[in-house]
Structure formats: structure tokens, C-alpha cells
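To get our numbering, take the position in the sequence shown, counting from 1, and add 909. Glycine included, every Cβ here is placed at the ideal spot set by N, Cα and C.
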Amino acid sequence: MGARGGGATGGGGRLPHLEPCRSGRRARWSPRPGSRGWGGSTGDSAGGGPGDGAQTAGGARVWFCLRCRNGAPCRHGLGVAGGVRCHGAGRDGGRPAPTGVGAGEPERAIARGRRRVPRRGAPLGGGGVRDGPGSRAPDGLPRGAGLCLGGGALARLGPGGEGGGVTGDGPSPCCAVVVVHFGDPAVTLRCLAAIANDPSAVRREVVVVDNSATFPADRLGEGVRLVVPGRNLGFGAGVNAGVAFFREVLPETIVFMNHDVEIQPGFLGAAAAAVAVPGVGAAAGPLFLDGPEGPLWYAGGEVRLATGTVWQSRRPLDASRARDVGFLTGAAAAVRREAWRSIEGFDPAYFLYNEDLDLCLRLRRRGWRLRFAPGMRAVHYLGAATGSRRFSPLYLEQLASTRLRPFRPLAFRLYLALVHSGWVALRGAALAITGDQEGAAALLRGHRRALATITAGPR
């Protein structure tokens, strides 16, 4: 039924009502009214770790966080204990249910997977009312509301709607901004200056993850935190480390970007508005190369099923058109907090390249929409992070080595292996003819690694 540990039973020997956990790693169960355990604590059906607790008050069921105990302020980012279920999903702040086949995957992948059973935490509840982020908890607070660091105090963050900004009864929205640094500090300082100068009415908490241990801490701007992992984690794992810095006090909007990106005015406001739209899990906008008036590099993208590759629009007309897309570039993007937690962030198995494709496919499998937001304009000084431009040996090897991994099932990856083998042969021959022997060798090395790890699919 979509949850592990289904062997637990409630009163009368009946199976309990199972509700998937937002993190996807474990499931919690709650007995039906009148069964044994109603009004008491519930355990974790997967075993290990704290679960949710329940008490009865005038016939109504009140949830509280067992970590914080009833009546204490919840420290896990979901409001006051007794109002919103902490570490849970389903009716209170649950994510949308899966709505279809992930992009770039054959339909039989769903047929062979688990049976999709409608549940009360699906995108639309009774009467067409969305049951999830934007609805109200028993205590009147917005479901999914969290805590945001800003101005040295904790402030409640509420959801908003689509438009010029995020609206709500509380203070202005807040974004967690993660910048992954590598190499030249001057490039990262330019990125941080653009973040600080964005006039959007959005509070921002900025974290720099220093993958090369070269960023001077004394040059950080006011309120900017520095995380030094001690080794090069790569981009995806670096973003994970930056998000982990916030622990449970994670803002509703998570923005991440390469350090060689310079966002344009209004980017953060457009990002917060885009991911606040019900059902939207992530968003990105137009990306220009080497300057605001440079060539358009990204204006939305799709995943091509036949070849297992990504197509990116570079048409100016598409850059001004808000719409749902199948692929978002990871150079500068935003993710909704609930969506991020539902897939547990980036897969650290990707060191460089294709981690954004994997993220998009996993979000879509979870039922989240990907949104292209024209207001999220940014400039990408391509190659500043790796010291070279596109089609360098590093680019060719890293891209080829993880090209198969984002897709499922294994049979589909085997098909793509045949397709990519032909492409590698043709591309390698073309590189060798033009005198780029190093590039041809790097492409072949990357493809060999992809074939050697073909059994490893998406998590």
C-alpha cells in the first residue's frame, strides 16, 4: 500500500491505516478510531526512530511531535506541537500523489511498480479543495508552514499564490540560498553581490559551500554563512550540505546555484512565487551566457525518450512564457521545501553533471510539477567553475559516465546503452578526426564507466 513495515496490525487484528512519510524512508501508522491504540502513541512501522503521537480531546484527534512532547514548541520546522504533525505526511502538509510516468521513461515502468492507491493526501481533496500546502491545520496555522531565520529571530512563514510575490498574514517570505563555491573567490563574490542586491521583498539566508577550501571567510557579506566540507563533494552533494546547515529550520523556498551564476534583479521574488503555486515542486528561469545581453542558453527543456537526452529551448519567445516543462537546469533553480524533503535532495552519486536531470525525474515521479518562470533571469559565466568551456575533456567524461543512471527500469537503461554506444562511437571518431584525441579518450572513459555501473539506477 505504499508503505513499508505493513506487518503491524491495529486493534481487532486489522491492518492499520498506513500513511507514507514525507521523507520516503519510513512510514508511520495510525489506528482507526475505536481500535486498540486509539488515543495513545503510535509507532514507526518501519522500526527505529521516533514516531508520531496522538491524544483525544473532546472526540477530536490531536497530533503532537514525540521528539518535542505535547505542549512544547516544535523544533522540527512544522509549527507548534499539537497543531501540525511533525515528521509525517498524509493529511497534514503531505506532498502530491504520483500523477503519471516520469519523463523519459516507458509507461511499463509504472505498471511494473507499486500499485497506485488514492489516498486522502492526494493533490485534490473532497470538493476539489487542495489538501496540503496552503490549507489550514487544526490550530488555524497554514499546513506546511515552517520557521525561517531572519533578522536574528524566528518568524513564521506561510504559503502564497502565483503572481508578483508571495502573500500571507506573516512577514515577507524567506529563501534559503545555497551557493556551491569552487576555484576563484572573485567569481563567488560576484554571485553573492547579486544575491544581496536583489530588490525582491524576500528575506534571504545565504550559505556558501566551499568545495575547494579557498574562499576567504573574512570577505563574506553580512549574514552569509560558510560551510567547509574538507573535500570536494561535487555540486549535488554540496547543495545537500548547504541545505543540511538549516537543519529543521528550513525556509519554504530553497534556491541553489553555481558560483559562476549572477542572478538578475527580481530573481528571488519570482522563485518564491513560482514554487508557492500548488503542485509546483521546482522552478527555473531564462539563463544567458556571459552577460544579460548574451546568447540565450536555457528557456525551458524536455527529456527526449528515444535517446535519453535533454533538449533545451533557446528561443527568445519561450524565455517570456511561463509554463510547465520536463527539465530544469540546475545552474540556478528553486525547490519547494516539501518537494525537497520528499526526494531527500540531490543524489550524491552524481559528482558533476546530470544531477539536475536526476532531480527533475525524481520530482516528477513523486507527482511534482516543474515550472519555467520568466522572472527568474540569471547569467551563467559558463566554465568558470571547471576552468574550461563546454565540450572540454572533463565535461565529456563526466557527462557520459552518468548518462544512463537517471532512468528506470533496467531494461530501459540497457536500451539506452545501445543508443549511447553508437553516439559515442560517432562522436569519438569526429573528435579524433579534428585532432581532439584527449576529448575522444575522455568520452570513451566516461562511457565505459556508465556501462560498468548500468545496474545502478535512480534512488
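#### Entry: Rounded separation between R1230 and R1099 - CA only
Position 321 of the sequence shown, counted from the first residue, corresponds to residue 1230. Position 190 of the sequence shown, counted from the first residue, corresponds to residue 1099. Rounded to the nearest angstrom, the two C-alpha atoms are 28 Å apart.
### Query
Is L1196 helix, strand or coil when you go by DSSP?
For the purposes of this step, residue 1196 is taken as residue 287 along the sequence shown, with counting starting at 1. DSSP places L1196 in strand when its eight states are reduced to three.
### Query
Is it buried or exposed for R1232, if we count other Cβ within 10 angstroms and need 16 for buried?
Here residue 1232 refers to the residue found at position 323 when the sequence shown is read from its first residue. Exposed: under 16 other Cβ atoms inside 10 Å.
### Query
Taking one C-beta from the region 1155-1162 and one from the region 1237-1250 each time, how about it: are there three or more such pairs within less than 8 Å?
Yes, since at least three Cβ pairs between the region 1155-1162 and the region 1237-1250 fall closer than 8 Å, the two stretches touch.
### Task
Note down, in chain order, each residue of its chain lying with its Cβ closer than 7 Å to the Cβ of G1145, except the 5 sequence neighbours on either side.
Residue numbering aside, residue 1145 sits at position 236 when the sequence shown is read from its first letter. Cβ neighbours of G1145 beyond the five flanking positions: F1255, D1256, P1257, Y1259, E1264.
### Query
For L1279, which three-state DSSP category applies?
To locate residue 1279, count along the sequence shown from 1; it is residue 370. Residue state, collapsed to three classes: strand.
### Query
Thinking just about the alpha-carbon of each residue, which of D1267, V1186, T1097 is nearest to the one in R1368?
Position 459 of the sequence shown, counting from 1, holds the residue named residue 1368. It is D1267.
### Beta-carbon gap between V1164 and V1136 smaller than 8 Å
For the purposes of this step, residue 1164 is identified with residue 255 of the sequence shown, where counting begins at 1. For the purposes of this step, residue 1136 is identified with residue 227 of the sequence shown, where counting begins at 1. No, they are not a contact pair.
### Distance between beta carbons of A1282 and G1178, contact taken as under 8 Å
For this step, residue 1178 is matched to residue 269 along the sequence shown. For this step, residue 1282 is matched to residue 373 along the sequence shown. Contact doesn't hold; Cβ gap of about 10 Å is too wide.
### Query
Looking at V1111 and P1082, is the spacing between their C-beta atoms short of 8 Å?
The sequence position of residue 1082 within the sequence shown is 173, counting from 1. The sequence position of residue 1111 within the sequence shown is 202, counting from 1. Their beta carbons are under 8 Å apart, which means P1082 touches V1111 by this criterion.
### Query
For E1131, which of helix, strand or coil comes out of DSSP?
To locate residue 1131, count along the sequence shown from 1; it is residue 222. Three-state DSSP puts E1131 in coil, outside helix and strand.
### Message
Given this structure, state the Cα-to-Cα distance separating R1274 from A1105, to the nearest angstrom.
### Response
Within the sequence shown, the letter at position 365 stands for residue 1274. Within the sequence shown, the letter at position 196 stands for residue 1105. Taking the straight line from one Cα to the other gives about 35 Å.
### Task
Would you grab the beta carbon distance between F1236 and V1219 for me? Rounded to a whole angstrom, and I think it's under 8 Å.
Within the sequence shown, numbered from 1, the residue matching residue 1236 stands at position 327. Within the sequence shown, numbered from 1, the residue matching residue 1219 stands at position 310. Right, the Cβ-Cβ distance comes to about 5 Å (below 8 Å), so this counts as a contact.
### Query
M1166 to G1344, Cα distance in whole Å?
Here the question's residue 1166 lines up with position 257 in the sequence shown. Here the question's residue 1344 lines up with position 435 in the sequence shown. Cα-Cα distance, rounded: 34 Å.
### Message
Using 8 Å for Cβ pairs, my map puts L1340 next to L1352. What's the rounded Cβ distance?
### Response
Numbered from its first residue, the sequence shown carries residue 1340 at position 431. Numbered from its first residue, the sequence shown carries residue 1352 at position 443. The pair is a contact, with the Cβ atoms about 7 Å apart (cut-off 8 Å).
### Query
With DSSP run on the structure shown, which of helix, strand or coil describes I1252?
On the sequence shown, position 343 is the one that residue 1252 refers to. DSSP places I1252 in helix when its eight states are reduced to three.
#### Entry: DSSP state of R1113 mapped onto helix, strand, coil
Numbered from 1 along the sequence shown, position 204 holds the residue referred to as residue 1113. Correct three-state label for R1113: strand.
### Message
Just verifying my parser: in three-state terms, what is the DSSP assignment at F1236?
### Response
Within the sequence shown, residue 1236 is the residue found at index 327, counting from 1. Of the three classes helix, strand and coil, the one that applies to F1236 here is strand, per DSSP.
### Query
Does the count of Cβ pairs from the region 1083-1093 and the region 1120-1133 closer than 8 Å reach three?
The region 1083-1093 and the region 1120-1133 touch, with no fewer than 3 CB-CB distances between them shorter than 8 Å.
### Neighbourhood of W1206 by C-beta, 6 Å cutoff - its chain only, sequence neighbours within 5 removed
What you label residue 1206 is simply residue 297 of the sequence shown in a count that begins at 1. The answer, listed in chain order, is L1196, L1198.
### Query
In this structure, does DSSP put R1322 in helix, strand or coil?
On the sequence shown, residue 1322 is found 413 positions in, with the first residue counted as 1. Three-state DSSP puts R1322 in a helix.
### Task
Report all residues from its chain with a CB closer than 7 Å to the CB of R1271; omit the five preceding and five following residues, and keep chain order.
Against the sequence shown, residue 1271 aligns to sequence position 362. Correct list, in chain order: I1252, P1367.
### Query
Can you give the Cα-Cα distance for W1332 and T1216, rounded to whole angstroms?
Along the sequence shown, read from residue 1 onward, the residue named residue 1332 stands at position 423. Along the sequence shown, read from residue 1 onward, the residue named residue 1216 stands at position 307. Going by the C-alpha atoms only, they are around 10 Å apart.
### Query
Can you tell me whether S1310 is buried or exposed, with buried defined as 16 or more other CB within 10 angstroms of its CB?
In the sequence shown, counting from the first residue as 1, residue 1310 sits at position 401. Per the 10 Å Cβ criterion, buried.
### Task
Kindly indicate the opening and closing residues of the alpha helix (DSSP H) around A1122.
Along the sequence shown, read from residue 1 onward, the residue named residue 1122 stands at position 213. A1122 -> no alpha helix (DSSP H), and no H or E assigned at all.
### Task
Assign E1306 to buried or exposed, taking buried as 16 or more other Cβ atoms, counted over all protein chains shown, within 10 Å of its Cβ.
Counted from its first residue, the sequence shown places residue 1306 at position 397. So E1306 counts as buried.
### Task
With DSSP as the reference, label R1156 as helix, strand or coil.
The residue you call residue 1156 lines up with position 247 of the sequence shown. Residue state, collapsed to three classes: coil.
### Query
L1205 by DSSP, collapsed to three states: which one?
Position 296 of the sequence shown holds residue 1205. In this structure, L1205 counts as strand in the three-state DSSP scheme.
### CB contact flag (Q1173, V1288, <8 Å)
Sequence index remark: in the sequence shown, residue 1173 carries index 264 (1-based). Sequence index remark: in the sequence shown, residue 1288 carries index 379 (1-based). Yes, they are a contact pair.
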